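Asks: For the protein sequence lines, the chains are R and W, in the order given. Count the first sequence with our numbering and you get residues 1 to 138, in order. Count the second sequence with our numbering and you get residues 1001 to 1584, in order.
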Amino acid sequence: MRDKNIKVLLSKLGLDIHNRGIITVAKILRDAGMEVIYTGNSTVDQIIEAAIQESVDIIGVSSLGGAHIQLGSKLVSRAKKEGLKDSKGLVIGGTIPDDDKKKLVDMGFDAIFTSGATREEIVSRIKEIYNEKSKKSA
Amino acid sequence: MTNNKLTTKEIIKKNIPKKKPVFSNSALEEIKKGFFRWKENCVSDHDKENWEVTPQTTLGSGIPRELIYTPLSISNLDYNEDVGFSGQAPFTRGIHPNMYRGKKFTIRQINGFGGPEDTNKRLKFMIKSGATGLSVIFDLPTVQMYDSDDPLSSGQVGTSGVAIDSAVDMETLFEDIPLEDLTVSIVTHFPSNTAIIFPMFLVAAEKKGIPFDKLGGTVQNDTTMEEVVRSGPEYLPPKDVFRIQCDNIEYIRKNIPRWNFVTYNGYNLRDYGTSSVTEMAVAMSNAIATLEEMSSRGHDIDWVAKRLAFFWSISNDFFDEVARIRAARRLWAKIMKYRFGSKEPRSQWMRCHVQTSGLTLTRQEPLNNVVRAAFQALAATLGGAQSLHVSSYDEAYAVPTEEAQLLSVRTQQIIQAETAITEVVDPLGGSYYVEALTDKIEAMILEQIEEIDKLGGYVSAIERGWLHRKVADHFHTEQAKMERGDIKIVGYNTYVSEYKTRNIDVFNYPEKTEERQIKKLKKLRETRNTLKVEETLNDLEKACRSGKNIVPYSLECARAGCTEGELFKVFKSAFGLWNPPVIF
């Protein structure tokens, strides 16, 4: 019942060209009862703007092209600047080397999903993040 | 075309000669008796009940397989019409009479990262390691047609490919590389970026003093890539992109005679998420649409078709893959002969580059990928591919390291030098199993071409979202099969072990590519002739609007030092934007 309320914004980060992953995730989350908005390829500014306008709970971005660190850090700092970090979960998925996974967590991402992540992992982690954030902002 | 009102399938059906089967009726009767006796006495009830099983593999055709194949499985096989001899229509056994004895498949690994100076070093390394062809891929901003100093490109310059902004970068990319001695695949996926980037390559060749007719290589130039496979912020409308595709083909065919002006890319469509059959049906439908357009522009079909090339993905269902390449060769020869009335054998060739499937690579236990790719490369060789790229084992982590690329080259060299597979033409030809699969797959591809024909053809199938839906449906179904474990992936959902494999080395991008590119662009913008830039861009826009071939105009832009982003702006202004369907 609570899952129905989870609203997720999904975007391809920047100019990245591969979207099989994020479209798969979009369907997984919708199948799990979440409301999914997919914005396609978007800049950091567009993502933040959409997240505010749609008042989503989770912002999920996908990057397979190698720009996850540069664009990921921009996204986190913009989210912090807009005061979104406490209320909204920030997750990223794609082709990301192990060393960079740590960097992204340190930066402030709430979860990192790489190839091979399962439906259960993704859904349960997003629910967890949603619950943590709801407690914080309540 | 004279046969305009009939579909490809109908035309082939109408024209195909009556079969003269290899096996006589009396021989088949004898085999049938033996077969039923054997089945009755030797085959267990369980196997009889499960005579056919459907292999569950990543991106496979899903054709059910019998327990054993016999002459009864191919009772209608006509040797000359269906199999024949290598180098002769229908080319089932290969396009050359002596196949790999004459010319081994080209070892062509794709490369690209950082700035042009970084990739230039890697290209030289590949040549030293024994690569017999080069293949260059572009970074995200270049593929999506934005300059390195565009705000949209920020943070992505030099990622997943090499940054190219203008003809100057092209010169750096090929510095000290003998373009007249080897072939280069310039992987401009889209028609739009082909029309922009390939002329920059031509300018680089001009500067080296190499005449256009000495250049050999390939561009991709595929509408499917630009409109369906790509995810991007801005799309041009399908009919305009298709027109640019045909403009590129027309210009290159006339002016750079050794250049392969199109590579119908089934690979990325399939790895994006579609079946082995749709991959080929869509690529061939685009080729059919191209030839119709060229014919309506007044060109001889045989003159155009000589340089068509295809690009296939090779996945795990081994015999399916071998049979598929054979089937595509035979079907394409029939399409050329019957639908287009081709008279020259060469223009009936389905020449192909093959890449082992990136989608089948796993992040878990990455060394397993070496084995997967080797089997896939073997299938490509047995299928008779002209050139090969073996995907590297570390690609679920990042762009391949030099060491991983070398291993991919070595995999191919081991096939060529150690296995003796290349000594005999089409070694699996005549296998009851492979011939039966070849028949079945050919029929399935033709059936999907028919489906596309009935939607009004290739461009219409894209405009109507048919292809987008087909892909989305396929990959959601396949995803579910992987999750259920129906499709088995070792180390991921099957034989998962607690054993932690050692970390592999992962590629690191060179630093400061973006700064370097921005600096070069600034210098270019300061030193070039601004009037000339404006004039050539204006002329290009006029050509776009008038329907003239645009490539002579984009070549003038490249010569004047225009940047990629400037040309893309012209396209957007002339053609407007399109919203592709997003389906999930």
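For each residue, glycine too, the CB sits at the ideal point set by N, CA and C. Just so we're clear, the structure is a prediction, and the values are computed from it rather than from any experiment.
On a CA-only basis, which of R:Thr118, R:Lys127 and R:Ser77 is nearest R:Met107? Give me that one, please.
Replies: Measuring from the Cα of R:Met107, the nearest candidate turns out to be R:Ser77.
Asks: R:Asp98 CB to nearest chain W CB: under 8 Å?
Replies: Closer than 8 Å: yes.
Asks: Going by beta carbon distance, what residues of the same chain come within less than 7 Å of W:Ser1554, once the five residues before and after it are set aside?
Replies: The residues are Ala1195, Ile1196, Pro1199, Leu1540 and Leu1567.
Asks: What is the DSSP secondary structure of W:Tyr1495, counted as helix, strand or coil?
Replies: In this structure, W:Tyr1495 counts as coil in the three-state DSSP scheme.
Asks: Tell me whether R:Lys102 is buried or exposed, calling it buried when 16 or more other Cβ atoms sit within 10 Å of its Cβ.
Replies: Exposed: under 16 other Cβ atoms inside 10 Å.
Asks: Taking 8 Å as the threshold (C-beta atoms), are W:Leu1437 and W:Asp1320 in contact?
Replies: Contact: yes.
Asks: Could you check whether the Cβ of W:Asn1221 sits closer than 8 Å to any Cβ belonging to chain R?
Replies: Cβ-Cβ to chain R under 8 Å: no for W:Asn1221.
Asks: Using Cβ-Cβ distances below 7 Å, what residues of the segment 1384-1396 of chain W are close to chain R?
Replies: Those residues of the segment 1384-1396 of chain W that come within reach of chain R (Cβ to Cβ, closer than 7 Å) are Ala1396.
Asks: So R:Arg78 contacts chain W; which residues on that side make the cut at Cβ distance below 9 Å?
Replies: Correct list: empty, because the minimum Cβ distance to chain W is about 13 Å.
Asks: Taking only three categories from DSSP, how would you classify W:Glu1293?
Replies: Looking at W:Glu1293 - three-state DSSP - the assignment turns out to be helix.
Asks: Run the CB neighbour count on W:Arg1484, radius 10 Å, all protein chains shown included, and call it buried at 16 or more, exposed below.
Replies: Exposed, since its Cβ has fewer than 16 Cβ neighbours within 10 Å.
Asks: For the beta strand (DSSP E) containing R:Gly89, list its first residue and its last residue.
Replies: Looking at the DSSP string, the run of the beta strand (DSSP E) that includes R:Gly89 is Gly89 to Gly94.
Asks: To the nearest angstrom, how far is the alpha carbon of W:Asn1579 from that of W:Thr1401?
Replies: Answer to the nearest angstrom: the Cα atoms are 37 Å apart.
Asks: Would you mind sorting W:Pro1141 into buried or exposed? The rule is 16 or more other CB atoms within 10 Å of its CB.
Replies: Its Cβ being crowded by 16 or more others within 10 Å, W:Pro1141 is buried.
Asks: Quick one: is W:Gly1060 buried, meaning 16 or more other Cβ sit within 10 Å of its Cβ, or exposed?
Replies: Classification for W:Gly1060: buried.
Asks: Note down, in chain order, every chain W residue with its Cβ under 8 Å from the Cβ of R:Lys103.
Replies: Result: empty, since nearest Cβ-Cβ is about 13 Å, beyond 8 Å.
Asks: What separation, rounded to the nearest whole angstrom, lies between the Cα atoms of R:Glu54 and R:Leu9?
Replies: Each residue's alpha carbon lies about 8 Å from the other.
Asks: Under DSSP, the beta strand (DSSP E) around W:Ala1377 begins and ends at which residues?
Replies: Run containing W:Ala1377: none in the beta strand (DSSP E); it sits in the alpha helix (DSSP H), Asn1368 to Gly1383.
Asks: Nearest-angstrom Cα distance between W:Ile1489 and W:Ala1417?
Replies: Rounded to the nearest angstrom, the two C-alpha atoms are 30 Å apart.
Asks: Quick one: does R:Gln70 have its CB under 8 Å from some CB of chain W?
Replies: Yes - at least one Cβ of chain W is within 8 Å of the one on R:Gln70.
Asks: Against chain R, which members of the segment 1351-1380 of chain W pass a CB distance test of less than 9 Å?
Replies: Those residues of the segment 1351-1380 of chain W that come within reach of chain R (Cβ to Cβ, closer than 9 Å) are Leu1359, Leu1361, Thr1362, Arg1363 and Gln1364.
Asks: Assuming W:Asp1317 contacts W:Ser1347 (C-beta within less than 8 Å), just tell me the rounded distance between them.
Replies: In fact, because the Cβ distance is near 31 Å, the residues do not count as touching under 8 Å.
Asks: If we require 3 or more residues per run, which beta strand (DSSP E) segments fall completely within the segment 1281-1330 of chain W?
Replies: As far as the segment 1281-1330 of chain W is concerned, its whole beta strand (DSSP E) runs of at least 3 residues are 1308-1314.
Asks: Start and end of the alpha helix (DSSP H) containing W:Tyr1069?
Replies: Here W:Tyr1069 belongs to no alpha helix (DSSP H), and DSSP marks it neither H nor E.
Asks: Whose C-alpha, out of R:Val25, R:Thr95 and R:Ile122, is nearest the C-alpha of R:Asp16?
Replies: Nearest of R:Val25, R:Thr95 and R:Ile122 to R:Asp16, Cα basis: R:Thr95.
Asks: Could you tell me which of W:Val1228, W:Val1136 and W:Gly1062 sits nearest to W:Lys1470, measuring between CA atoms?
Replies: The residue with the shortest Cα to Cα distance from W:Lys1470 is W:Val1228.
Asks: Our contact map puts W:Leu1361 next to W:Asn1369 with C-beta atoms below 8 Å; I'd like the distance itself, whole angstroms only.
Replies: At roughly 5 Å, the Cβ-Cβ gap stays under 8 Å, so W:Leu1361 and W:Asn1369 are in contact.
Asks: Whose C-alpha, out of W:Asp1426, W:Lys1014, W:Lys1033 and W:Gln1056, is nearest the C-alpha of W:Asp1596?
Replies: Look at the range of chain W in this structure, 1001 to 1584, and you will see that residue 1596 of chain W is not part of it.
Asks: For a minimum of 4 consecutive residues, which ranges assigned as the alpha helix (DSSP H) are wholly contained in the segment 1488-1568 of chain W?
Replies: You should have 1513-1527, 1530-1546 and 1551-1559.
Asks: Measuring CB to CB, does W:Val1262 end up less than 8 Å from W:Leu1202?
Replies: In this structure, W:Leu1202 does not lie closer than 8 Å to W:Val1262 by Cβ.
Asks: Near W:His1476, which residues of its chain fall below 7 Å by C-beta distance, leaving aside the five closest residues on each side in sequence?
Replies: Nothing listed; no residue qualifies.
Asks: Against chain W, does R:Met1 count as a neighbour if the rule is that its beta carbon must be under 8 Å from one of theirs?
Replies: Low confidence applies here, because R:Met1 scores a pLDDT of 46, under 50, leaving its location unreliable; read the following figure in that light. No, R:Met1 does not count as interfacial toward chain W.
Asks: Which same chain residues end up closer than 8 Å to R:Lys88 when comparing Cβ atoms and leaving out the 5 residues on each side of it in sequence?
Replies: Once the five neighbours on either side are set aside, the close Cβ partners of R:Lys88 are Ala51, Val56, Asp57, Ile58, Ile59, Ala79 and Lys133.
Asks: Using a Cβ-Cβ cut-off of 8 Å (strictly less than) and excluding sequence neighbours within five positions of R:Met1, which residues of its own chain qualify?
Replies: Low confidence applies here, because R:Met1 scores a pLDDT of 46, under 50, leaving its location unreliable and the question unanswered by this model.
Asks: Would W:Gly1232 pass as an interface residue toward chain R - the criterion being a Cβ-Cβ separation below 8 Å?
Replies: Yes, W:Gly1232 lies at the interface with chain R (some Cβ there is under 8 Å from its Cβ).
Asks: Could you pull the DSSP bridge partners for R:Tyr38 from this structure?
Replies: Its beta-bridge partners are R:Leu10.
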